[in-house]
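Below: one structure, written as structure tokens.
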Amino acid sequence: MSQLQQNFAQRGLSLDDLVALSGGHTLGFSHCSSFQNRIHKFDKRHNVDPTLQASFAASLQNICPAHNKVRNAGATMDSTTTLFDNAYYKLLMNGKSLFTSDESLLTNSRTKRLVSKYASSQDDFFKAFANSMIKMSSISGNGQEVRLDCRFVR
């Protein structure tokens, strides 16, 4: 969490902005390679990240086996893939997040409180997201990396 917080702070964004902007993960798709570390050989004691809900982890393992050969295999970010909503936060609260960075939002009392708030109130999430996007839009691109396609650095 501290690395994420530091990255955001370097750009003038707060912990509240981090949580609100993470809600953008409500849209889209992730390739297996982005979360494989959570579902296979997690650490010396656990094959699977113990913070993942068991049936969710099993479904991810079915989609992304340990020796996955399917290049485009992956999972949607949440169950409402084309809707911008607060489903991401609800799933996060229930152990159904794809990324370690998402799960880390539950390791800090302040960020966990915000995750819970946004899971309970879509309106609060929408307001916070809009405010954080406005704040983020004022970050200058001078010397920074701006990606038009998240998969490629230009």
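Note that UniProt numbering has the sequence shown beginning at 1, numbered continuously upward.
Built from N, CA and C at the ideal position, the CB exists for glycine as well.
Keep in mind that this is a model prediction, so the values were computed, not measured.
Tell me the DSSP secondary structure of Gly28 in three-state form.
Here residue 28 refers to the residue found at position 28 of the sequence shown. Reduced to three states, the DSSP call for Gly28 is coil.
Excluding five sequence neighbours on each side, which residues of the same chain lie with their C-beta closer than 7 Å to the C-beta of Leu52?
Mapped onto the sequence shown, residue 52 falls at position 52. Correct list, in chain order: Arg38, Gly95.
Which residues in the same chain have their Cβ closer than 7 Å to the Cβ of Gln36, if we skip the five residues on either side of it in sequence?
Against the sequence shown, residue 36 aligns to sequence position 36. Taking C-beta separations shorter than 7 Å and ignoring five residues to either side along the sequence, the partners of Gln36 in its chain run Cys64, following chain order.
Residues near Ser79 in its chain [Cβ-Cβ closer than 8 Å; skip 5 each side]
As a first step, residue 79 is located in the sequence shown; it is residue number 79 there, counting from the start. Correct list, in chain order: Ala87, Leu91.
State the Cα-Cα distance for the pair Asp124 and His67, rounded to the nearest angstrom.
The count along the sequence shown starts at 1 and reaches residue 124 at position 124. The count along the sequence shown starts at 1 and reaches residue 67 at position 67. A direct Cα-Cα distance of roughly 41 Å separates Asp124 from His67.
Leu13 beta carbon less than 8 Å from that of Val133:
Start at 1 with the first residue of the sequence shown, and residue 133 comes out as number 133. Start at 1 with the first residue of the sequence shown, and residue 13 comes out as number 13. A small correction: the amino acid at residue 133 is Met; Val does not occupy that position in the sequence shown. Not a contact, by the Cβ cut-off of 8 Å.
Does any heavy atom of the ligand MN sit closer than 7 Å to the C-beta of Asp149?
No copy of the ligand MN appears in this structure; indeed no ligand is present at all.
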